[in-house]
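The structure appears right after this line, and notes come after that.
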Amino acid sequence: MGNGQPSKAVIFGCSGPVLTDGERRFFEQSHPAGFILFERNCQDPDQVRRLVGELRETVNRPDAPVLIDQEGGRVQRLKPPHWRDAPPPGAFAALAGRSLSRAEEAVRLNGQLIAAELYGLGITVNCAPVLDIPGPDAHQIIGDRAFGNDPKIVVALGMAAAAGHLQGGVIPMIKHIPGHGRAKADSHEELPVVDAGAEELTETDFSPFRALNRLPWAMTAHVVYTALDGDNPATTSSKVISRTIRGDIGFQGVLVSDDIGMKALGGPFEERTKAGLAAGCDLVLHCSGDAAEMEAVAAGAGPVTDEGLARLQNGEAMVKSPGDIDTADSQARLDEIMIAKGGA
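Every letter in the sequence shown is one number past the one before it in the working numbering, and letter 286, counting from 1, is 1394.
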């Protein structure tokens, strides 16, 4: 890729709103496949566009993926006054209980509006939609980030969200495959263990991911499923990735680990990285921007595989070049639907 140097199978964050000299040198040398932005990196549109351009310059690839989590509600890195305050997915689930067709239209419009903001900043991948189905006694880490707990509604609204993103020129990333909804712990803090049977998981938790298995990118769950692999979370389980994610679910797109800095995973960062890639992740995600951790991750990451490169190219081919979306009209229609709260 850029400079004739192969990209490492890793996505890195950075520490602040501008690159430090050390980060610039490190990215030039380590050549990550892409980057991810957080609230700490985003002050205003002009600054974000500059940062995105600088990140791509370090790897000499103007098409290097730049990711963000802009789900709406609790999880959005771009916030007012410069960007919209998008509704949480749970708000659309409530609407779907009254009118699924209106909810689908609202979710598609919301996806287009989010994509329009990201596209204008040069951000090409949104880590959304969440396809997890929260269980009755699950940890609230998912909660209203999900499109409710009816698999059919989650599928319909997930498809609408993905369509809105793709129409707006941005790649959607379904998460957290094969399903984080039953987890009774927050994987940011500890490793959740799900004891549900394989048949129950297949029929419920996995079903939205199976229905949307043709989408371009997916993010793994740092969750142990005892019915599938009692020893390893999905992210580092070759059994779960080969048999369930690539097999039963049939997902063939770019598979990215959730943040390997999360406390659900143990051990040195070099080993975490090697384990995720050896299990079958195409890319490992590291978010904090911590220099020492990134050095260790880079040491553990090999180049993106030929299969991974093909999946990345397939994902790019799925995105439409956005036309002139009238964001004011789209926002007005979305507001109209959300205010009406029902109807045909």
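All C-beta atoms in this analysis are idealised placements derived from N, C-alpha and C, irrespective of residue type, glycine included.
Discussion item. According to DSSP, is Pro1280 part of a helix, a strand, or is it coil?
Written reply: Within the sequence shown, the letter at position 172 stands for residue 1280. In the structure shown, Pro1280 sits in a strand (DSSP, three-state: E or B).
Discussion item. Going by C-alpha to C-alpha distance, which of Ala1386, Leu1323, Ala1409, Val1331 sits closest to Glu1424?
Written reply: The count along the sequence shown starts at 1 and reaches residue 1424 at position 316. Checking every option, the nearest Cα to that of Glu1424 belongs to Leu1323.
Worksheet entry | Classification of Pro1376 by the beta-carbon crowding that lies within 10 angstroms, buried from 16 upward | For the purposes of this step, residue 1376 is taken as residue 268 along the sequence shown, with counting starting at 1. Burial call: exposed.
Worksheet entry | Residue interval of the beta strand (DSSP E) (run including Pro1140) | Walking along the sequence shown from the start, residue 1140 turns up at place 32. From DSSP, the beta strand (DSSP E) with Pro1140 extends over 1140-1145.
Worksheet entry | Contacts around Gly1161, its chain only, beta-carbon distance under 8 Å, and the 5 residues preceding and following it disregarded | Taking the sequence shown and counting its residues from 1, the one referred to as residue 1161 is at position 53. Correct list, in chain order: Gly1230.
Fill in: Leu1163 to Gln1360 span [Cα, whole Å]
Taking the first residue of the sequence shown as 1, we reach residue 1163 at position 55. Taking the first residue of the sequence shown as 1, we reach residue 1360 at position 252. In a straight line, the C-alpha of Leu1163 is about 28 Å away from that of Gln1360.
Practice prompt. Please state if the CB of Phe1317 and the CB of Ile1285 are separated by a distance shorter than 8 Å.
Written response: If you number the sequence shown from 1, residue 1285 lands on position 177. If you number the sequence shown from 1, residue 1317 lands on position 209. Yes, they are a contact pair.
Discussion item. So the candidates are Val1427, Asn1422, Ser1438; which of them puts its Cα closest to the Cα of Val1278?
Written reply: Your numbering for residue 1278 matches position 170 in the sequence shown. Nearest option by C-alpha distance: Val1427.
Discussion item. Among Leu1265, Cys1235, Gln1220, Asn1234, whose alpha-carbon lies nearest the alpha-carbon of Ile1241?
Written reply: By 1-based counting over the sequence shown, the position of residue 1241 is 133. With distances taken between Cα atoms, Ile1241 lies closest to Leu1265.
Item to complete: Tell me where the beta strand (DSSP E) around Ala1326 begins and ends.
Response: Translated into the one-based positions of the sequence shown, residue 1326 becomes position 218. Element bounds for Ala1326: 1325-1328.
Worksheet item: When you compare each of Leu1320, Asp1356, Ser1346, Asn1321 to Val1332 by their alpha carbons, which one comes out closest?
Response: Your numbering for residue 1332 matches position 224 in the sequence shown. The shortest C-alpha separation from Val1332 is found at Ser1346.
Practice prompt. Using three-state DSSP, classify Gly1266 as helix, strand or coil.
Written response: Working through the sequence shown from its first residue, we reach residue 1266 at position 158. Helix.
Practice prompt. Report yes if the C-beta distance between Asp1245 and Thr1310 is below 8 Å; otherwise report no.
Written response: Here the question's residue 1245 lines up with position 137 in the sequence shown. Here the question's residue 1310 lines up with position 202 in the sequence shown. No, the pair does not count as a contact, with Cβ atoms beyond the cut-off.
Discussion item. Cutting at 7 Å between CB atoms, please list the residues of its own chain near Leu1385, excluding the five before and the five after it.
Written reply: Position 277 of the sequence shown, counted from the start, is the residue given in the question as residue 1385. Here Leu1385 has Ala1117, Val1392, Ala1409, Gly1410 as same chain residues with Cβ atoms under 7 Å from its own Cβ, once five neighbours each way along the sequence are excluded.
Worksheet item: Starting from Gly1228 and walking both ways along the alpha helix (DSSP H), at which residues does that stretch end?
Response: Numbered from its first residue, the sequence shown carries residue 1228 at position 120. From DSSP, the alpha helix (DSSP H) with Gly1228 extends over 1208-1229.
Discussion item. Less than 8 Å between the beta carbons of Leu1320 and Ala1270, yes or no?
Written reply: Taking the first residue of the sequence shown as 1, we reach residue 1320 at position 212. Taking the first residue of the sequence shown as 1, we reach residue 1270 at position 162. Yes, the Cβ-Cβ distance between Leu1320 and Ala1270 is below 8 Å.
Item to complete: For the beta strand (DSSP E) holding Ala1117, just list the boundary residues, first then last.
Response: Here residue 1117 refers to the residue found at position 9 when the sequence shown is read from its first residue. Ala1117 -> beta strand (DSSP E) spans 1116-1120.
Worksheet item: Along the chain, where does the alpha helix (DSSP H) that runs through Ile1447 open and close?
Response: Here residue 1447 refers to the residue found at position 339 of the sequence shown. First-last of the alpha helix (DSSP H) with Ile1447: 1435-1448.
Discussion item. Using only the alpha-carbon positions, how far apart do Ala1383 and Val1412 sit?
Written reply: As a position in the sequence shown, residue 1383 is number 275, starting the count at 1. As a position in the sequence shown, residue 1412 is number 304, starting the count at 1. Their backbone Cα atoms lie some 15 Å apart in a straight line.
Worksheet entry | Among Phe1314, Met1402, His1330, Thr1381, nearest to Arg1055 - alpha-carbon criterion | There is simply no residue 1055 to check, as the chain begins at 1109 and stops at 1452 in what is shown.
Discussion item. Which residue wins for smallest C-alpha separation from Ile1349, given the options Leu1363, Asp1339, Gly1338?
Written reply: Residue numbering aside, residue 1349 sits at position 241 when the sequence shown is read from its first letter. For the residues Leu1363, Asp1339, Gly1338, the minimum Cα distance to Ile1349 belongs to Leu1363.
Worksheet item: Is Leu1221 closer than 8 Å to Thr1435 when the C-beta atoms are compared?
Response: Start at 1 with the first residue of the sequence shown, and residue 1435 comes out as number 327. Start at 1 with the first residue of the sequence shown, and residue 1221 comes out as number 113. Taking a C-beta distance under 8 Å as the contact criterion, Thr1435 and Leu1221 qualify as a contact pair.
Worksheet item: Once you ignore the five residues that flank Glu1308 on each side, which residues in its own chain have a CB closer than 8 Å to its CB?
Response: For this step, residue 1308 is matched to residue 200 along the sequence shown. Result list for Glu1308: empty, nothing under 8 Å.
Item to complete: From the DSSP output, read off the bridge partner residues of Val1167.
Response: In the sequence shown, the residue the question calls residue 1167 occupies position 59. The partner list for Val1167 (beta bridge, DSSP) is empty, contrary to what the question assumes.
Worksheet item: Going by Cα to Cα distance, which pick from Ala1268, Asp1129, Ala1172 is closest to Arg1212?
Response: What you label residue 1212 is simply residue 104 of the sequence shown in a count that begins at 1. The question names Arg, yet the displayed sequence has Glu at residue 1212. Selected option, being the one with the closest Cα: Ala1268.
Practice prompt. Identify, in the order they occur along the chain, each residue of the same chain with its Cβ nearer than 7 Å to the Cβ of Ala1404, setting aside the five sequence neighbours on each side.
Written response: Here residue 1404 is taken as the residue at index 296 of the sequence shown, counted from 1. Pro1376, Phe1377, Glu1378.
Practice prompt. Tell me whether Thr1128 is buried or exposed, calling it buried when 16 or more other Cβ atoms sit within 10 Å of its Cβ.
Written response: By one-based count along the sequence shown, residue 1128 stands at place 20. Counting Cβ neighbours within 10 Å, Thr1128 comes out exposed, since fewer than 16 surround it.
Practice prompt. Reducing DSSP to helix, strand and coil, say where Ser1365 ends up.
Written response: Your numbering for residue 1365 matches position 257 in the sequence shown. Note: Ser1365 maps to strand in three-state DSSP.
Practice prompt. Let me know the secondary structure DSSP gives Leu1203 once reduced to three states.
Written response: Here the question's residue 1203 lines up with position 95 in the sequence shown. Three-state result, Leu1203: helix.
Worksheet item: What residues in its chain sit with their C-beta under 7 Å from that of Ser1438, if we drop five residues either side in the sequence?
Response: Stepping through the sequence shown from its first residue, residue 1438 is reached at position 330. Within the same chain, Ser1438 has close Cβ partners Leu1217, Gln1220, Leu1221.
Discussion item. I'd like the span of the alpha helix (DSSP H) that includes Glu1179, first residue to last.
Written reply: Here residue 1179 is taken as the residue at index 71 of the sequence shown, counted from 1. First-last for Glu1179: 1178-1180, but that is the beta strand (DSSP E), not the alpha helix (DSSP H).
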